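Undergrad:
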Amino acid sequence: MMMSLRKQKNLIAQAIRATNPLNQTTPWYSAAIACLVMSTVSIAALAQEEQDTERSSRSKQPIEEVTVTAQKIEESIQDVPIAVSALSGDSMDALKIERGEELLRAIPNVNFSKSNFSTYNFSIRGVGTKAVSAATDPAVAVSFNNAPLIRNRLFEQEFFDVERVEVLRGPQGTLYGRNATAGVVNMLPVMPEDEFSSEIKAEIGSYNSKRTSGMFNLPIGETMGLRLSGAMTKRDGFDTNTYTDNDVNDRDLYSTRAIFEWEPSETFSANLIWQHFEEDDKRSRTGKQLCTTDPGVSMIGDVEVPENFTGFFSQGCLPGSIYSDEAYGTTNAKGLAFVVAPQALLQGYYPVMKEFLPNPYANAEQSRDLREIATSFDPVFRAENDLVQLNFAWEMSDTLTFYSQSTYAKDDYYSSQDYNRYVSDSIFSDSTEYGLDPGPTPGGIYTDPQLGPSDGVLAVDISRSDNKQWSQEFRLQTSFDGPWNFVVGANYLDFKTQDDYFVFNNMFSLIAEHVYNGVDDPEAGLGTENCTDPQNIEGFQDCMYVDYNSLENIDEEGHNYFLSRNLVETRSWAIFGETYWQINNDVKLTTGLRYTNDRKRSTPVPSQLLLGTETDNDTGEIVPGPASGGLVYKGYPEGDAVTQSWKEYTGRAVLDWRTDTPFTDETMLYLSFAHGYKGGGTNPPRADIDPNVVQYQPLDETFKPEFVNAIEIGTKNVLLDGSLTLNANAFYYDYSDYQVSQIVDRISLNENFDAESMGIELELAWQLTDNTRLDMNMGYLKTRIADGEESIDVMNRTQGHEDWLVVRPSLQVPSNCVAPKDVVEATFAIPYPLMLWALCDTTGRWGSFTPEIESSQYFHEWLNIDPYNPLTDAPNGARGFAADLSGNELPNAPRFTVNLGVEHTIPIEDWDLTLRTDYYRQSESYARVYNTEYDRLKAWSNLNASVSLSHPNSELYMQLYVKNIFDDAPITDMFTNSDDSGLTTNVFTLEPRIVGFSISKGF
276 MMMSLRKQKN LIAQAIRATN PLNQTTPWYS AAIACLVMST VSIAALAQEE QDTERSSRSK
336 QPIEEVTVTA QKIEESIQDV PIAVSALSGD SMDALKIERG EELLRAIPNV NFSKSNFSTY
396 NFSIRGVGTK AVSAATDPAV AVSFNNAPLI RNRLFEQEFF DVERVEVLRG PQGTLYGRNA
456 TAGVVNMLPV MPEDEFSSEI KAEIGSYNSK RTSGMFNLPI GETMGLRLSG AMTKRDGFDT
516 NTYTDNDVND RDLYSTRAIF EWEPSETFSA NLIWQHFEED DKRSRTGKQL CTTDPGVSMI
576 GDVEVPENFT GFFSQGCLPG SIYSDEAYGT TNAKGLAFVV APQALLQGYY PVMKEFLPNP
636 YANAEQSRDL REIATSFDPV FRAENDLVQL NFAWEMSDTL TFYSQSTYAK DDYYSSQDYN
696 RYVSDSIFSD STEYGLDPGP TPGGIYTDPQ LGPSDGVLAV DISRSDNKQW SQEFRLQTSF
756 DGPWNFVVGA NYLDFKTQDD YFVFNNMFSL IAEHVYNGVD DPEAGLGTEN CTDPQNIEGF
816 QDCMYVDYNS LENIDEEGHN YFLSRNLVET RSWAIFGETY WQINNDVKLT TGLRYTNDRK
876 RSTPVPSQLL LGTETDNDTG EIVPGPASGG LVYKGYPEGD AVTQSWKEYT GRAVLDWRTD
936 TPFTDETMLY LSFAHGYKGG GTNPPRADID PNVVQYQPLD ETFKPEFVNA IEIGTKNVLL
996 DGSLTLNANA FYYDYSDYQV SQIVDRISLN ENFDAESMGI ELELAWQLTD NTRLDMNMGY
1056 LKTRIADGEE SIDVMNRTQG HEDWLVVRPS LQVPSNCVAP KDVVEATFAI PYPLMLWALC
1116 DTTGRWGSFT PEIESSQYFH EWLNIDPYNP LTDAPNGARG FAADLSGNEL PNAPRFTVNL
1176 GVEHTIPIED WDLTLRTDYY RQSESYARVY NTEYDRLKAW SNLNASVSLS HPNSELYMQL
1236 YVKNIFDDAP ITDMFTNSDD SGLTTNVFTL EPRIVGFSIS KGF
C-alpha cells in the first residue's frame, strides 16, 4: 500500500524536529536522515501498482539529451570532451536554483561567496576571484548568451525565461579564452519560437515574499518573432536591526527582456536582445561583523603597562575562531588614532570625551544570531543593469557559416551600510560645561555634516560602481563532411569602470573641524573655520576642506571622509582558432590557439583622509601640511595614468576516443591539456602624503597576471538503454601567480602566489524507473600553495616572536606595526603615550628613536636606551614577520562537495504529482591563504524539498517548496577589515528557511 502524502510530511517534520533548533548548522547525519526519509518514501512508492491502462502505457524514458554550446556549436553534452554541466530552466526550477550563487548546489567543485564590496567570488576547482581591485578580471568568465560580461548582476538578479545555464570547468584557453582561467558560466535565454505561447507565474512565500514572472511569445508572419519576458520579486527582510527595530536585507527588484528575431531566408538569421535589471531596497552587502576582542597587553615582562598605554597594544580583534562565543564581541577601539587624537590634541580646551581614552564599544553586546544586527543605519542598496545584444548568422555556403555578436552593457551599483555593524557607547562630554559656547559637543552631542548628531561614534560606508562595456566578436565556422573542420574568429572588448568606496566617520569630521581647522574664538572659546582658502585661515594646524553637504549630496571633495577611487579602462583584442580532426570514426583531435592583446589603463586617485596644507608665511605659497603631510587641502587630484599591457598565447589540445564496452551503450574517453591566462593590474594608490611626515613602507604598485597549465582525463558514459549517464574526470593544475588580496594601508593589496590543484569529479543522472530519478555529483579537491611563498598576516604580525609587540599607529599611518618589547617597556618611564606613535612612523614627526631619522626630539636619549630604527631594525620595515604559506590550501577550496537529488512522480489520472528532495554538503575550507584557526570555515550542508502538481494538457503547474529546511545559518565566507578599523570580520551566510507556493499557467 502506498504511503499517504500526509504521512510523508509527518516523517519529514519528525526528522526536522530531531535536530537541535539552537544550532546554526545542522549535523550532517540529521540532514542525511531527512534525505533518506524522502528517498525511502520515493522508493516505497515504486511498489504501487499501475492504476489503469493509460498510466501503465507511460513507458520508461531515457535520460533526456542535453544540448550545450560549450564549443560555440550545439552538441550533446555527452559528445563534448570538456567537463561541463548544464541546467535547463525546468531543471533549475525543480532544484529551486533561483540565482547564480545557488549553482554550487548542482555542480561539483564549485563555490560561491559575496565579496565585501560590489563584486563576488565564483570559484571552480579552488580557483576564483580573490583579488579585490577595479583592475582585476574574474577568473570565471560570466557570460550572457556567449558574451562575457566583466561586471554584471547575474548573481543579484533572479533567473527567468532561461533556456539553460552552462558551467564549463577548467581553463577555456581558446573560444572563451579571455581570462577564463577557472571556467565559464554561460546563461542562455529562451529565444522566440514558431508558435504563439505565453505563460504567467505567481508565487507567495515566507517573509511576505511575492513573485511574479511571465513570458509572451509572438510569431510575426513567417520570418519574424518576438519574445517578451519579465520577473519581479518583493519581500520583507531576512535580518533584523534590533537598534532601529526594522527588517533589513529585503528585496525589491525586477527584470525585463525583449528578443526580436528575424529569419528572412534559410541562410540568414538575426536577433536583437534587450535586457534590463533594477533593484532598490535594503539588501545588506555584508552580514554580521564578528570580533574576538583583543584586551591589549597588561604586562610586558615584569612591568605593568600603564592604564593610558594599554590601548596602544591592542589590534582591536584577535585571530580567534569565528565560531566561538568570544567571536561575538566588539573591537577594542581604545587605542585607535581617531579616538586618541581629539583627546590628546584638544586637552588644553576641554576633555572631549567623558573618560580619557575610552573604548567606544566597551558596552556594546552582540546577539549570537547571525541574522540579527544592531546598527545606527539601515542599509541602502540600488543596482541597475542594461544589456543590448545584436547577433546574426549567415550561411555563406552549405559548409561555411559566419557569425557576428555585438554586445553593449551598462551597470550601476550603489550600496551603503553601517560600517561598524554595532552601536557605540555614549562617549562625548558636554562642551558647555567647560566654558565653551557651544563648543564641539554641546550637551554631549557632536553633529557630523553627513551623519548627523550622535553622542557616540558613527560610521557609514558607500560602495559605488559605474561600468560600461562594449564587445564585438566575428566567427567563421565550418561543417565539412570530411575529417577536418575548424573555427576561426576575432573579438574586441572595451571596458570602463569607476569604483568608489567611501567611509564616513563622525570622529574624522570632529578631528578635521576642531583639531586641524580649529580656531580660538574670543566668545565661544573653541571654534572652527572651514578651509576654503589656505592663505586666509588661522586654524590650529593644517588647513583641510570639510564637506558640509548631506550624505546624499556630498561634493566628493571633502577631506573629512575616506574615498578610494579607482578608474580603469581595459581594451582587449584577440584572434583565435580551433581545428577538429576526425582521425577515424572513433578518435578526434581538437587543437586550439588564441592570441590575446590586453591593455589596461589605470588612473590613480590617492585618498586624502585628514590631509591638509598650510601657507608659507615668507613666500605665501601653499606647502605640505607639517602635521598631516597633505599635499592638497581639497579634492582628489588624479595621478599619472599607469598603462599595462600583455600579449599572451593560450590554447588547448584534446584527444577523445569513442569506444564500445560490454557494460555501456556509449563511452567516450578524453585527455586534454589547456594553458590559461588572466591579466594583471594595478593596486589602488595609498594616501597622497608628504614622505617627510609619513614614510610609507614599499608595496607593489602592480600585481602580475595569472597563468595555469591544466591536464585533465575524463570519461562520459551512457548506460542501461540510455537511462543512466555517468561522467567522471580527474585534473591537475599548475598555477603561477594566483592573485589574492587583503586590506593593507587602507587599500586592497593584491599579491601573487604559485599553487597547484588536483581533484576528481563525478556526475550521475539515473532514471531508476519510469517515474523515479536520481541525480548525484561529487567533487574531491586538493589545493596546495607552493613552497617558499610567504605573506604578512595582518591578524598576526608577530608570528609567535615573543620579543615583539603589535603597536597601533598615528592618524595618517593606517596600518599597525611591530616593535621590540624592550624598547616599548622603556617608554613607560615617561608618561607620554604619543611616544609610541614614533615606533610606527618612519619619520620624526612625533619624535625619533634614532639619529638616522631627523626629529626635534630623540626619545632614545630621553630614555637612555640604544637607538632603534624601525626601517632597518624591525622585520619588513616594522610591518611584521611574514607567515610561511608553504603547503597551505587555497581559500574557498573545500576538499569535498556532494550533491544528491531524488525525484519521484506519481501519475494521478491526467495529473503528475512529483516529490523531490535535494541535499548539498561541502567540507570545511579556509577563507584566507594563512589557513589559521581564524580562517577556518566549517563544513555546511543544505536540504531542500518540493512537491509539485502538474497537468501537462492544460500547462498548469503548482509547486510547494521548502528551501533550507533546517534553517541553517552557516558562515560561507568572511572578509577581514583594515587595521584602523580594528581588524573586525564581516561574515556571509545563507538565506533562512523559506516556504513558498507557486502556480503557473501556460497558454
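Here the sequence shown is numbered in the working numbering, starting from 276 and rising by one per residue. Backbone N, C-alpha and C define an ideal beta-carbon position, used for all residues, glycine too. Note that the coordinates shown come from a computational prediction; the quantities given were computed from them, not determined experimentally.
Quick one: grab the DSSP three-state call for Ser784.
TA: helix
Undergrad: Find the nearest neighbour of Gly710 within the set Asp796, Phe667, Tyr791, judged by alpha-carbon distance.
TA: The residue with the shortest Cα to Cα distance from Gly710 is Asp796.
Undergrad: Is Trp1112 buried or exposed, if buried means 16 or more other CB atoms sit within 10 Å of its CB?
TA: buried
Undergrad: Whose C-alpha, out of Ser599, Tyr924, Pro717, is nearest the C-alpha of Ala799?
TA: Pro717
Undergrad: Could you check if Asn859 is buried or exposed, using at least 16 other CB atoms within 10 Å of its CB as the buried criterion?
TA: exposed
Undergrad: Less than 8 Å between the CB atoms is what I'm expecting for Gly1063 and Ser1161, so what's the real figure, rounded?
TA: With a Cβ gap of about 6 Å, Gly1063 and Ser1161 count as contacting.
Undergrad: Within 10 angstroms of the Cβ of Arg643, are there 16 or more other Cβ atoms? Answer buried if so, exposed if not.
TA: Arg643 should be labelled exposed.
Undergrad: Using the DSSP secondary-structure output, state which residues sit across from Asp774 in a beta bridge.
TA: Ser740, Asn841
Undergrad: Alpha carbon to alpha carbon, what distance is there between Val790 and Gln622?
TA: Between Gln622 and Val790, the C-alpha separation is close to 11 Å.
Undergrad: Can you check DSSP and say which residues form a bridge with Phe667?
TA: Paired residue(s): Ala545, Ser679.
Undergrad: Which one of Pro937, Gln618, Asp1097 has the shortest CA to CA distance from Met782?
TA: Gln618
Undergrad: Please list, in chain order, all residues of the same chain as Gly1155 whose beta carbon is under 6 Å from its beta carbon, the five residues on each side excluded.
TA: Ile1067, Arg1072, Val1093
Undergrad: Taking Pro1150 as the reference, which of Tyr603, Ser1216, Pro1095 has the closest Cα?
TA: The alpha carbon of Pro1150 has as its nearest neighbour, out of Tyr603, Ser1216, Pro1095, the alpha carbon of Pro1095.
Undergrad: Nearest-angstrom Cα distance between Lys1276 and Leu379?
TA: 29 Å
Undergrad: Specify the secondary structure class of Leu1265 as computed by DSSP and reduced to three states.
TA: Secondary structure at Leu1265: coil, using DSSP grouped into helix, strand and coil.
Undergrad: When the Cα atoms are used, what is the spatial distance from Asn766 to Val355?
TA: 24 Å
Undergrad: Can you tell me whether Val732 is buried or exposed? The criterion is at least 16 other CB atoms within 10 Å of its CB, across all chains shown.
TA: buried
Undergrad: Count the other CB atoms within 10 Å of the CB of Tyr924; is the residue buried (16 or more) or exposed (fewer)?
TA: exposed
Undergrad: Within the same chain, show all residues whose beta-carbon is closer than 8 Å to that of Ser314, passing over the 5 residues directly before and after it, in chain order.
TA: For Ser314, the predicted model reports a pLDDT of 43, less than 50, meaning its position is unreliable; a value from the coordinates is still stated below. If we look at Ser314 and ignore the five residues flanking it on each side, its Cβ neighbours are Val1177, Thr1192.
Undergrad: In chain order, what residues of the same chain have a beta carbon less than 7 Å from the beta carbon of Leu1224, not counting five sequence neighbours either side?
TA: Trp1186, Leu1188, Met1233
Undergrad: Indicate whether Ser1273 and Ala477 have their beta-carbon atoms separated by less than 8 Å.
TA: yes
Undergrad: Is the beta carbon of Thr957 less than 8 Å from the beta carbon of Ala410?
TA: yes
Undergrad: With DSSP run on the structure shown, which of helix, strand or coil describes Ala255?
TA: Here the chain has residues from 276 to 1278 only, and residue 255 is not among them.
Undergrad: What is the rounded straight-line gap between the Cα of Asp1097 and the Cα of Lys685?
TA: In a straight line, the C-alpha of Asp1097 is about 57 Å away from that of Lys685.
Undergrad: When every heavy atom of the ligand MN is checked, does at least one fall within less than 7 Å of the C-beta of Pro1108?
TA: Here there are no bound small molecules, and the ligand MN is not part of this structure.
Undergrad: Under a Cβ-count criterion, where at least 16 other Cβ atoms within 10 Å of its own Cβ denotes burial, should Ala1104 be classed as buried or exposed?
TA: Classification for Ala1104: exposed.
Undergrad: Rounded to the nearest angstrom, what separates Phe471 and Met490 at their Cα positions?
TA: 11 Å
Undergrad: What separation, rounded to the nearest whole angstrom, lies between the Cα atoms of Ser738 and Thr394?
TA: 10 Å
Undergrad: Taking Cβ positions, are Asn384 and Arg400 nearer each other than 8 Å?
TA: Taking C-beta atoms as the reference points, Asn384 and Arg400 count as a pair closer than 8 Å.
Undergrad: Quick one: grab the DSSP three-state call for Ile534.
TA: Strand, per DSSP.
Undergrad: Helix, strand or coil, according to DSSP, for Tyr1013 in the structure here?
TA: Note: Tyr1013 maps to strand in three-state DSSP.
Undergrad: Cutting at 6 Å between CB atoms, please list the residues of its own chain near Asp723, excluding the five before and the five after it.
TA: Closer than 6 Å at the Cβ level, and outside the excluded window around Asp723, lie Asn781, Ser784.
Undergrad: Assuming Trp1186 is part of the alpha helix (DSSP H), what are its boundary residues?
TA: Looking at the DSSP string, Trp1186 is not in any alpha helix (DSSP H); the run it does join, the beta strand (DSSP E), is 1186-1197.
Undergrad: Alpha carbon to alpha carbon, what distance is there between Pro879 and Pro959?
TA: 7 Å
Undergrad: Mind checking which residues open and close the beta strand (DSSP E) that includes Val341?
TA: Careful: Val341 lies outside any beta strand (DSSP E) and carries neither H nor E.
Undergrad: Using 8 Å as the threshold, is the C-beta distance between Asp469 and Lys953 below it?
TA: no
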